[in-house]
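Asker: Residue numbers (our numbering), protein chains in the order written: chain H, 1337 to 1811; chain B, 309 to 759.
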C-alpha cells in the first residue's frame, strides 16, 4: 500500500549555476578493511576479512601448488581436476549435491592453476553451518564420477573443435597468447586434445588428494562474521590439509625478444579484431605505479586516449580497452579493439600515434588525478559484497601482498612523478618486444598492414586452435 | 524560489505477513516538475549509485526512427547547456565515478556510481541533460554517434550467433507490433537520423514527468533531497509524454525462420509469447523456466544433457516486458538434428503441462528465483535497479515482501497450468541457426532479414 503524505515544501537558494561544474569537496579518506592473518600451524594461515552488512560469506581454500608441481606444466587433467572437484562427493551424487546447493543457495567452485589451487564456496550467512558441512565433504572427498568426467571431456573437445575456431574473439586471444609465450612456456595455452581424451577419473582423484597435501595453505574468510565464533569450524575444515611441502619455485621468466604480427584469416568477415601486447613492469617493481597511471590514461577508461580517439572522434569502434597484467614473474600491457575491415590500417596508425604521444609527453596531471580517484572508488566498490571483497583480497594473496601493500601503492600513486611516465611508456608501449594480432578477412586487410606493422604471418583458425603459432625470438 | 514536492511513499512494512524477505527502506518523492525521486541511504561504503530511467524505448519510435531511442541514449553523453562535449565523462571520471546506460523496448536507463562527495556533480550532469540537452546538441555529434552505433550493431552481428535475438524479435512480434523492430534498429533509419529529429525525440520523451531518479548509497537523505531539489529546480515541467502504444499480439502469431552463420553447430530457438510484466501468471512462468532448466535433476537439463547427451549448450528463460513477455528454449548441438532436439524439448514441456511438477521441484525453482533477487540487493548499483523495478511494478520502492509473496503464492498446479496455457505448438515461433550452406534448419523455416 502506498502511503501518501501531504505536500512538503523545500526551500533552496536560487537557481542552479550551470556555468561550470560544481566544486567537489574533499573526499573522506579511504578506509581499507582490516585483514587479520592467523597462523593455525606452520604453513597454514587464515585471512579474516570482516565486511559488515553483506549477505554472503565467502570461504576460499588456497593450496600452494598446482599443475607445475604435478606435471611440470599445465595439462587438461589439471583443468578437469579443478572443474569437477565440486561436482560430486562422498555420499553426494552430482544430482543430489546440485539440488542441495540450490536449496542452500550455496555455490562452490575449484580451479587448478599452474602454481596454486583454489577451492571456494559462497553461502548466505544464515546457511553458513550447513554450507561449511557440505564444503568440508566436497573439499576432502570429491568422487569424480566417470560419467561426469566423460561428459566434461566431450564438452572440452567440442569447444576446441567447433567453438573456438568460429569465435573471432577466442581466436584473437589464443593467437596472442600463443605468440607471446614460446611453446615450451607453461603459460602457453596450446590445447592437447589427445591428452584431454586420455584423462581418467582415477587420475583426477589422485591429483586432488595430492594437491590437498600441498602447502602453504591460505584460507580466506570474508563476510559479516565473527572470527572468534567461526574459528573452530574453519580449523576443522583444514584437518589433513597442507603438509610440509617446500614453497613452490617461481615460474621461469618469459623468453623475451618477440616482434610478431599474426594474422588470422577469416574469409568473408567484415569486422576485424586488433590486439597489441607489449612488455610491462613486473608487479612490485618501482615502475608499477607509473605503469598503472599510463594504463589508466591510454586505455583504461571510457575517455582514455585510445577510446576517445577511435570511438568518440573517429566513430570507428564501439569501444577499445587496454589492460595491464602485472605479475611477479612476467607482465604485459595489451590493447584490444574491433573495427570495420576498411578501417584496420587507419586504426593501427591512430593507435601508434597515441602510443607515441604518450611516450613523448607522458601522463597528464588531470589523468593522474582521475586515476587516483578511480582507484579509491574501485576499493570502495570491492567492499560492496563479500564476493568482490574476496576477489580483491585474493588478488593480493596471489601475488604475496597484503592490504598494507595496497595502501602503500595508493600513496605511491599520489606521489607519482609524472616525468617518469613518458620514458616508461617508450620502454614498454613502444618496445620491440611486442605482438600484434589481426583477426579478419586477409583479402581485405593484408594490403593495409606492411607500412604500419610489417608483414603478418597468416594462419587459419584451425592452425591457431591447434597451437601452430610459431614466432622467432631475438637471441 | 520554492519547489513543491510530494512524498509518495514511505516505509511501513512492520505488519507485513512475510517476515523473511529482506527489507529496503526507500522513500519516494514527486517534484513539482513531474520527476519522481527515490532515495535509500546505505552507508556500508562511501559510494553512491544514481539511476535515471526514462519511459521511452524502441516501442516509442515512429516509422523512420527505428534505432533512434538507442542512438539517443548515446547522444545524452555528448553535451548539454552547461556540459561541453565529452565533459560528462571527463568530469565524472575525474571525480572517481563511472557511468553507463542501456535502452530496451520499454525504457532507457542511465546509471552512475561515484564517491559520495561527487553527488552535486552527478546531479548537475543529470539535471543539465534532462532540462537542457538541446543547447548542447549539434550535427557533428549526431554523425559521430551514428557511426558508433552502426559499429556497435556490426560488432554484435559479427559475433557467433550474434544476430539471433534480433531475428527472434522480427519473427515473434508481428510487423505492426511495437517490439517487432529490434532496439538496435535499422541501418537506414540510424543513418538517416538528423539533428531536427533528435530535438523532436527529446522534446517528446525526455520529460521530467516521464522519468524516475533513484539514489542509493552513502548520503543523508534530507540533504540529498535538498540537493536534488536544487539541481532540478530549473528543469521545467514540460507536461506529460504522449500515451504509449499498447498493441497486443494476435494469439495465432507464429513463424518459422532461419539464419545462416559462421558456426559449426546448429541451434534451435523455440519461443512463445506470454504475458506482460506484472501479470498474474508471470511468476508461475518464471518458476516453470527453472523447473525445466535449473541444473541436474530438472526436466530439460536431464533430458538433453545429463541423462541423454544430445546438446552442447542450452538455455530456458522467461522475460517480461511492459506489453508482453516471451518464453524461450534454446538448444545447440553439433551432431543431433534440430528436429530431434525440438521433439525432446516439446515432450518435456508436454509432460509438465499434463502433470504438475512435484512440490520439491517448485520449491527449488522458487529458491532460485528468490536468491537472484536477494543477491541483487547487495551492491548499491544493483539495489538501485531493484528499487526502480519495484517502483515500476508496484509504485512502491519497498516491494521485496510483495515480490517474495508473489513467488511463494505459486503452486505446482499453477506451473502446470501456465505450461498448458502458453507453451502450446500453435503459439510457437521457431528460429533455426545453421552453418552457412547447411540444410539442417527445421522444415518450413524461411530466411530472416535484418535490414
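For each residue, glycine too, the CB sits at the ideal point set by N, CA and C.
Once the 5 residues before and after residue 1756 of chain H are set aside, which same chain residues still bring their CB inside 6 Å of it?
Answerer: 1626
Asker: Here's the rule: buried if 16 or more other CB atoms are within 10 angstroms of the residue's CB, otherwise exposed. What is residue 1531 of chain H?
Answerer: Counting Cβ neighbours within 10 Å, residue 1531 of chain H comes out exposed, since fewer than 16 surround it.
Asker: Against chain H, which members of the segment 450 to 473 of chain B pass a CB distance test of less than 9 Å?
Answerer: Cβ contacts with chain H come from 451, 452, 453, 454, 455, 456, 457, 458, 459, 460, 461, 462, 463, 464, 465, 466, 467, 468.
Asker: Using a Cβ-Cβ distance cut-off of 9 Å, determine whether residue 614 of chain B contacts chain H.
Answerer: Yes, because at least one Cβ of chain H sits closer than 9 Å to the Cβ of residue 614 of chain B.
Asker: Residue 432 of chain B touches chain H at which residues, Cβ-Cβ below 8 Å?
Answerer: 1352, 1354, 1357, 1358
Asker: Please name the residue, chosen from H/1398, H/1769, H/1642, H/1493, that lies closest to residue 1549 of chain H on a Cα-to-Cα basis.
Answerer: It is H/1398.
Asker: Measuring straight from C-alpha to C-alpha, what distance separates residue 1706 of chain H and residue 1455 of chain H?
Answerer: 36 Å
Asker: Tell whether a beta-carbon distance below 9 Å holds between residue 401 of chain B and residue 1709 of chain H.
Answerer: yes
Asker: Look at the alpha carbon of residue 1356 of chain H and the alpha carbon of residue 390 of chain B, and state the distance between them as a whole number of angstroms.
Answerer: The alpha-carbon separation between residue 1356 of chain H and residue 390 of chain B amounts to approximately 6 Å.
Asker: From residue 604 of chain B to residue 666 of chain B, what distance separates their C-alpha atoms?
Answerer: Distance from the CA atom of residue 604 of chain B to the CA atom of residue 666 of chain B, rounded to whole angstroms, is 15 Å.
Asker: Quick one: which chain B residues come within Cβ less than 7 Å of residue 1647 of chain H?
Answerer: 456
Asker: Within the same chain, show all residues whose beta-carbon is closer than 8 Å to that of residue 502 of chain B, passing over the 5 residues directly before and after it, in chain order.
Answerer: In the same chain as residue 502 of chain B, and ignoring 5 residues on each side of it, the C-beta atoms closer than 8 Å to its own belong to 447, 450, in chain order.
Asker: Which chain B residues are close to residue 1712 of chain H, counting only those with a beta carbon under 9 Å from its beta carbon?
Answerer: Those within 9 Å of residue 1712 of chain H in chain B are 354, 404, 423.
Asker: CB residue 669 of chain B to CB residue 599 of chain B, shorter than 9 Å?
Answerer: yes
Asker: Where in the segment 1643 to 1723 of chain H do unbroken runs of the alpha helix (DSSP H), each at least 4 residues long, occur, reported from the N-terminal end onward?
Answerer: 1680 to 1697, 1701 to 1718
Asker: Could you work out which residues of chain B lie near residue 1747 of chain H, taking near to mean beta carbons separated by less than 7 Å?
Answerer: Chain B residues near residue 1747 of chain H: none, gap ~17 Å exceeds 7 Å.
Asker: With residue 449 of chain B as the anchor, note down where its beta strand (DSSP E) starts and where it stops.
Answerer: The continuous stretches of beta strand (DSSP E) do not include residue 449 of chain B, which lies in the alpha helix (DSSP H) extending over residues 447 to 466.
Asker: Starting from residue 1787 of chain H, trace the beta strand (DSSP E) in both directions and tell me its first and last residue.
Answerer: Not the beta strand (DSSP E): residue 1787 of chain H falls in the alpha helix (DSSP H), residues 1786 to 1789.
Asker: Does any residue of chain B bring its CB to less than 9 Å from the CB of residue 1344 of chain H?
Answerer: Since pLDDT at residue 1344 of chain H reaches only 40, below the 50 mark, its modelled position is unreliable, and the value read off the structure follows with that caveat. Closer than 9 Å: yes.
Asker: Which residue marks the beginning of the alpha helix (DSSP H) containing residue 550 of chain B, and which one marks its end?
Answerer: Element bounds for residue 550 of chain B: n/a, residue is neither H nor E.
Asker: Measuring only the C-alpha atoms, how far is residue 550 of chain B from residue 1421 of chain H?
Answerer: 57 Å
Asker: Is residue 318 of chain B helix, strand or coil by DSSP?
Answerer: For residue 318 of chain B, the pLDDT reaches just 43, beneath the cut-off of 50, and the residue's location in the model is therefore unreliable, although a value from the coordinates is still provided. The answer is coil: DSSP assigns residue 318 of chain B none of H, G, I, E or B.
Asker: Give the interface partners of residue 696 of chain B over in chain H, defined as CB-CB distance under 7 Å, in chain order.
Answerer: Those do not exist, as residue 696 of chain B stays about 16 Å from chain H at its closest Cβ, beyond 7 Å.
Asker: If the cut-off is 9 Å on Cβ atoms, which residues from the segment 1662 to 1678 of chain H count as contacting chain B, listed in chain order?
Answerer: Hits within the stretch, in order: 1674, 1675, 1676.
Asker: Out of H/1620, H/1617, H/1437, H/1599, state which residue places its alpha-carbon closest to the alpha-carbon of residue 1610 of chain H.
Answerer: H/1599
Asker: Nearest CA to the CA of residue 1567 of chain H: which residue from H/1360, H/1373, H/1783, H/1498?
Answerer: Residue 1567 of chain H has its Cα closest to that of H/1373, out of H/1360, H/1373, H/1783, H/1498.
Asker: Which whole-angstrom value describes the C-beta separation of residue 279 of chain B and residue 498 of chain B, a residue pair presumed to lie in contact below a C-beta threshold of 8 Å?
Answerer: What the structure shows of chain B is the stretch from 309 to 759, and residue 279 of chain B is not part of that stretch, so it cannot be assessed.
Asker: How about residue 1419 of chain H and residue 1375 of chain H: do their beta carbons lie closer than 9 Å?
Answerer: The answer is no: Cβ separation not under 9 Å.
Asker: Which runs of the alpha helix (DSSP H) fall wholly inside the segment 1358 to 1406 of chain H and span at least 4 residues, in chain order?
Answerer: none
Asker: So what does DSSP say about residue 571 of chain B, is it helix, strand or coil?
Answerer: In the three-state scheme derived from DSSP, where H, G and I count as helix and E and B as strand, residue 571 of chain B is classed as coil.
Asker: Identify which residue in B/464, B/368, B/539, B/429 has its Cα closest to the Cα of residue 552 of chain B.
Answerer: B/368
Asker: Less than 7 Å between C-beta atoms, sequence neighbours within five positions excluded: which residues of the same chain meet that for residue 469 of chain B?
Answerer: 569, 571, 575, 741
Asker: Mind listing which residues of the segment 480 to 512 of chain B have their C-beta closer than 7 Å to chain H's C-betas, in chain order?
Answerer: Residues of the segment 480 to 512 of chain B whose Cβ lies closer than 7 Å to any Cβ of chain H: none.
Asker: Taking the DSSP output, what are the residues bridged to residue 634 of chain B?
Answerer: B/581, B/627
Asker: Report the CB separation of residue 790 of chain B from residue 727 of chain B in whole angstroms; it is logged as a contact under 8 Å.
Answerer: Absent from the structure is residue 790 of chain B, since the part of chain B shown begins at 309 and ends at 759.
Asker: Output needed in chain order: residues of the segment 617 to 639 of chain B with a Cβ under 8 Å from some Cβ in chain H.
Answerer: 617, 620
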